[in-house]
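Written out below as C-alpha cells is the structure these notes cover.
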Amino acid sequence: MLTQTPTPLNEDALKVRVEDVQLDITFEQLKRLVSPRALTGETMLMNMGPQHPSTHGVLRLLLELDGETIVNCIPDIGYLHTGIEKTAEGKTYLKAIPLTDRTDYLAPMSNNMAFCGAVEKLVGIEVPLRAQYLRVILLELTRMNSHLVWLGTHALDLGAMSVFLYCMREREMILDIYEAVSGARMMSSYIRPGGLWRDVPNVFFDLVQRVLDVFPKRLIEYEKLLTKNPMWKDRTVGIGKISAQDAIAWGMTGPCLRATGVKYDVRKAYPYSSYDHFDFDIPTGTNGDVFDRYKCRMEEFNQSLKIIRQALKRLPPGPVMTSDRKVAPPPKHEIAYSMESLIHHFKLWTEGFKAPEGEVYFAVESGKGEYGVLLSGDGTSKPRRVHFRAPSFHNLQPINEMARGQLLADLVAIIGSIDIVLGDVDR
Amino acid sequence: MQNFWEYLTKIPVGLATVFKTLFEKPVTIQYPEEKKPMSPRFRGRHQLKRYEDGLERCIGCALCAAACPADAIYVEAAENTNEERYSPGERYAKVYEINMLRCIFCGYCEDACPTNAIVLEPIEFPTGYTRESLIYTKSMLLEPPPPGVPGTPQQTPPGKYDRAILPFPPIDESV
Ligand code: SF4
Ligand code: SF4
Numbered sequence: 201m202l203t204q205t206p207t208p209l210n211e212d213a214l215k216v217r218v219e220d221v222q223l224d225i226t227f228e229q230l231k232r233l234v235s236p237r238a239l240t241g242e243t244m245l246m247n248m249g250p251q252h253p254s255t256h257g258v259l260r261l262l263l264e265l266d267g268e269t270i271v272n273c274i275p276d277i278g279y280l281h282t283g284i285e286k287t288a289e290g291k292t293y294l295k296a297i298p299l300t301d302r303t304d305y306l307a308p309m310s311n312n313m314a315f316c317g318a319v320e321k322l323v324g325i326e327v328p329l330r331a332q333y334l335r336v337i338l339l340e341l342t343r344m345n346s347h348l349v350w351l352g353t354h355a356l357d358l359g360a361m362s363v364f365l366y367c368m369r370e371r372e373m374i375l376d377i378y379e380a381v382s383g384a385r386m387m388s389s390y391i392r393p394g395g396l397w398r399d400v401p402n403v404f405f406d407l408v409q410r411v412l413d414v415f416p417k418r419l420i421e422y423e424k425l426l427t428k429n430p431m432w433k434d435r436t437v438g439i440g441k442i443s444a445q446d447a448i449a450w451g452m453t454g455p456c457l458r459a460t461g462v463k464y465d466v467r468k469a470y471p472y473s474s475y476d477h478f479d480f481d482i483p484t485g486t487n488g489d490v491f492d493r494y495k496c497r498m499e500e501f502n503q504s505l506k507i508i509r510q511a512l513k514r515l516p517p518g519p520v521m522t523s524d525r526k527v528a529p530p531p532k533h534e535i536a537y538s539m540e541s542l543i544h545h546f547k548l549w550t551e552g553f554k555a556p557e558g559e560v561y562f563a564v565e566s567g568k569g570e571y572g573v574l575l576s577g578d579g580t581s582k583p584r585r586v587h588f589r590a591p592s593f594h595n596l597q598p599i600n601e602m603a604r605g606q607l608l609a610d611l612v613a614i615i616g617s618i619d620i621v622l623g624d625v626d627r
Numbered sequence: 002m003q004n005f006w007e008y009l010t011k012i013p014v015g016l017a018t019v020f021k022t023l024f025e026k027p028v029t030i031q032y033p034e035e036k037k038p039m040s041p042r043f044r045g046r047h048q049l050k051r052y053e054d055g056l057e058r059c060i061g062c063a064l065c066a067a068a069c070p071a072d073a074i075y076v077e078a079a080e081n082t083n084e085e086r087y088s089p090g091e092r093y094a095k096v097y098e099i100n101m102l103r104c105i106f107c108g109y110c111e112d113a114c115p116t117n118a119i120v121l122e123p124i125e126f127p128t129g130y131t132r133e134s135l136i137y138t139k140s141m142l143l144e145p146p147p148p149g150v151p152g153t154p155q156q157t158p159p160g161k162y163d164r165a166i167l168p169f170p171p172i173d174e175s176v
C-alpha cells in the first residue's frame, strides 16, 4: 500500500532519508540495511525505541514499514553499553564477580556460575559436592526468576496486566531466597571460585519448600489466564516464526532455539555442576513461533521444580568451599591465631590468586540460553581478556528474520518472546 | 463461530482467577510506613564496630580498601598511644571514608576485614541530595559505644592492648 508519493532518487532526498532515521551512519550504509523501496519513499522508515517500554530496556529498532507490515527491522544496540568486559580485565578474578551480576541482571547467579566455572576450569579447582548441589538449586531458582520476569513483561506487553502482577508476586519468593543466602536481592555475587560464599542459612530450606509448594498452583493459574486464553493464542500462534536452520545459523540458544524443535541444552550437552546427577527433560516446540517459545518456558518451570526437588532430597553434607587455601580465603576466625591463614587472607584480598596462562570457555544454560565465558589468563591474578557470550545478544540478532512480513503490533510480541535483557546485549 | 465459543467459554475461566484474588490477603505493604523485615545477612549500610570496652575494632590496615572492587573506601591510619588509644594494637584509622555513591554493597570489605570492624548491617541504604553528603565519614559510620562505656580515645594501661587482631568466634553460617 502506498502511503507516500515516491520521491525520485536525488541527492537532497537521500540526505533527508538519512537524517530522518537519525542513525550515525552514512547513506551507503543505510542502503545496505533497508530495501530500495525505502529510499524512494515508497515504504516508511520509523524508529521504535530506545525509550519504548515494550522494547524491554533501551533497544532501538529501525523499522521499514509498508503500511502496517514490517519490511525490515534493524536492531540498533549499544545504548546500555557499560564496558563490563573491559572493566573485568582490570580486576582480580574475585573482584570481577560483582561485575557479572550486572550483565544479565535478572539471572545474576547464572552469570556468577558461568564466570566462576571458567575460573575453576582455568585454575583447576575441585568444587565440593554440597556446593555443586546448592548451585544447582540456586541456578534453577534463577531460571525461574528470569522466566517470571519474562512472562510478566511479555504478558503485560500484550495487554495481560494481572499476569504481570502475579509474576512479580511469585518472584518475590525467589528474591527472598536470594536475600537470605547472599544478603542482596538482585546482585547476589554468591557463587565464588571454589564453591559458595557461605553455606546456606537454615531458613533457606523453608523458603525453597515454600516455592515448591506454592508454585505448581500458580502455574495452573497462569495456564488458565494465558495458555487456554483464545486472545493470547490469537496474538501468539504463528507469529514470529523462525526455522531451526536459521535459528542455529544465527546462534540462537535456550528456549528460543528449543521452540524450533532443536533439543540443545547445555545442561545435557555439556553437564556442569553435576547436572548429570539429576533426571529432567528438555521441553521442545515444533513451530518456532511466539507461542512455542512461551510453551517451552512454561514447561521449564516444571522441570526446574523437578530438579530442585531431587537436589534437595539428595543434598549431601560437607563443606561448600574448596579447602585449597590458594584460591579460597581461610575461615576468618583462624587469622587471629594462625600466621599462615593471616598471610593467605591478606594475599587473597589484596592481589588475589594467580591463574595460569591459557584460554578456557565455560558455558551454562541460563534462563535465556547459553551463557558462556571465554577467559584468557596470562599468568597473573587478572585476566588478559574476558568475553561473555551473552544469550540475549545472539537471540536478538535474527529479529529481522522473525519480524519480516509481520504486523507492527506483532513486533511487540516477538520482542517479548525472545526475552532480552539489554544489560546482557550490550555488556 | 468456533472461535466465538472459545472466547465465550475460556475467557470467564481466566476472569474467575483474577476475581478470586479479590478475596485474598494483599501481598503488598504500605512502604515506608510499613517495612519488610530484612534477612540477617542483608548487605545494607556499613557500620564500624566497637569492642565491649568501647575501643574501635578498626585497626586502619586498609585491607577493606584493597578488597573493594569499586574503590569506594579511603583509609588513613595513625599511631595509637597508651594515653590516646582508639583501637587495640599499634594503629587506628584516623580517616575512614566510604563513598556511598561508588559502593555497590558487595560485602567484600566485610569479608576482608581481619577484625570484623566493618559490617554491612541490615539497615536501610543511605540517601541524600548532594554528592558530598553521601561520602560517609568515620563519625557517621562508627557505632555508638555500648551504654555506660566511654568512647574513644581512651587512656589505657601499657601492655594491655599489644595485639591488633583479637580472637573472635567463627562466623555462624546457619543464619
Ligand atoms: S560493600 Fe563492596 S563496594 Fe561497598 S565499600 Fe564494601 S567492598 Fe567496597
Ligand atoms: S575496617 Fe577492617 S579492613 Fe578496613 S581498615 Fe579497618 S580493620 Fe582494616
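As given, the protein sequences belong to chains A and B, one line each in that order. With the working numbering applied, the first sequence covers 201 to 627. With the working numbering applied, the second sequence covers 2 to 176. Cβ coordinates follow ideal geometry from the N, Cα and C atoms, glycine included. Remember, predicted model here, so these are calculated numbers, not experimental data.
| Three-way DSSP call (helix, strand, coil) for S382 of chain A in this model | helix
| message | For ligand 2, is there any heavy atom lying closer than 7 Å to the beta carbon of V490 of chain A? | response | no
| query | With 16 other CB atoms within 10 Å as the buried threshold, where does G485 of chain A fall? | reply | buried
| task | Enumerate in chain order the residues of its own chain whose CB-to-CB distance from V403 of chain A is below 7 Å, with the five nearest sequence positions on each side excluded. | result | A380
| Taking the alpha carbon of N4 of chain B as the point to measure from, which residue in A:H533, A:G579, A:L407, A:D434 has its own alpha carbon closest? | A:D434
| request: Could you name the residues of chain B that H545 of chain A contacts, counting a contact when the two beta carbons are closer than 7 Å? | output: P115
| field | Length of the line joining the Cα atoms of G438 of chain A and A449 of chain A | value | If I take the Cα positions, the gap works out to 21 Å.
| request: Tell me whether V76 of chain B counts as near ligand 2, meaning its Cβ is closer than 7 Å to at least one heavy atom of that ligand. | output: yes
| request: Flag D304 of chain A as yes if its beta-carbon sits less than 8 Å from any beta-carbon of chain B, otherwise no. | output: no
| query | Going by beta carbon distance, what residues of the same chain come within less than 7 Å of D72 of chain B, once the five residues before and after it are set aside? | reply | R103
| query | Closer than 8 Å, CB to CB, is N312 of chain A near chain B or not? | reply | no
| With 16 as the cutoff for other CB atoms within 10 Å, does R132 of chain B come out buried or exposed? | exposed
| said: Quick check on C273 of chain A: does DSSP put it in helix, strand or coil? | reply: strand
| query | Is it right to say P206 of chain A is buried, meaning 16 or more other beta carbons lie within 10 angstroms of its own, or is it exposed? | reply | The pLDDT assigned to P206 of chain A is 45, lower than 50, so where the model puts this residue is not dependable; a value taken from the coordinates is nonetheless given after this. Here P206 of chain A is exposed. Its C-beta has fewer than 16 other C-beta atoms within 10 Å.
| field | Rounded distance between the beta-carbons of N312 of chain A and D304 of chain A, thought under 8 Å | value | Going by Cβ atoms, the distance from D304 of chain A to N312 of chain A rounds to 11 Å, so no, they are not a contact pair.
| message | Classify L454 of chain A: buried if its beta carbon has 16 or more other beta carbons within 10 angstroms, exposed otherwise. | response | Rather than Leu, the amino acid found at residue 454 of chain A in this sequence is Gly. By the neighbour-count rule (16 or more Cβ atoms within 10 Å), G454 of chain A is buried.
| task | Identify the contact partners of K11 of chain B in chain A, using a Cβ-Cβ distance below 8 Å as the criterion. | result | Listed along chain A are K428, N429, P430, each with a C-beta nearer than 8 Å to that of K11 of chain B.
| Would you say E421 of chain A reaches chain B, if we count a Cβ-Cβ gap shorter than 8 Å as a contact? | yes
| CB contact below 8 Å: R627 of chain A versus chain B | It does not; no Cβ of chain B falls within 8 Å.
| request: With distances taken Cα to Cα, identify the nearest neighbour of C62 of chain B among B:G45, B:R92, B:G55, B:K50. | output: B:R92
| request: Could you work out which residue in A:M452, A:S581, A:L306 is closest to G488 of chain A when comparing CA atoms only? | output: A:M452
| request: Say whether chain B places a C-beta atom closer than 8 Å to the C-beta of E379 of chain A. | output: yes
| Nearest-angstrom Cβ-Cβ length linking K504 of chain A and M309 of chain A, presumed shorter than 8 Å | Sequence check: residue 504 of chain A is Ser here, not Lys. Wrong, their Cβ atoms sit about 13 Å apart, outside the cutoff.
| field | Selection of the segment 549-561 of chain A by Cβ proximity to chain B, strictly under 7 Å | value | Residues of the segment 549-561 of chain A that bring their beta carbon within less than 7 Å of a beta carbon in chain B comprise W549, T550, in sequence order.
| query | Is it buried or exposed for R260 of chain A, if we count other Cβ within 10 angstroms and need 16 for buried? | reply | buried
| Measuring from the CB of T550 of chain A, is there a heavy atom of ligand 2 at a distance below 7 Å? | no
| Reduced DSSP category for E111 of chain B - H, G, I as helix; E, B as strand; rest coil | helix
| So the beta strand (DSSP E) L262 of chain A belongs to, where does it begin and stop? | 260-266
| query | Since Q332 of chain A contacts S473 of chain A with CB under 8 Å, what's their CB separation in whole angstroms? | reply | 5 Å
| task | Compute every distance between the C-beta of G61 of chain B and the non-hydrogen atoms of ligand 3, then say whether any falls below 7 Å. | result | Of the ligands this structure carries, namely ligand 1 and ligand 2, none is ligand 3.
| message | For a quick check, are the C-beta atoms of I119 of chain B and C65 of chain B less than 8 Å apart? | response | yes
| request: Put Y162 of chain B into one of helix, strand or coil per three-state DSSP. | output: In the three-state scheme derived from DSSP, where H, G and I count as helix and E and B as strand, Y162 of chain B is classed as coil.
| request: Can you check DSSP and say which residues form a bridge with L245 of chain A? | output: A:E264
| Expressed to the nearest angstrom, what Euclidean distance is found between the alpha-carbon atoms of F631 of chain A and T116 of chain B? | As displayed, chain A neither begins before 201 nor continues past 627, which places residue 631 of chain A out of reach and without an answer.
| So A563 of chain A is in the alpha helix (DSSP H); what residue range does that whole segment cover? | First-last for A563 of chain A: 557-565, but that is the beta strand (DSSP E), not the alpha helix (DSSP H).
| query | Between which two residues does the alpha helix (DSSP H) containing Y494 of chain A stretch? | reply | 490-513
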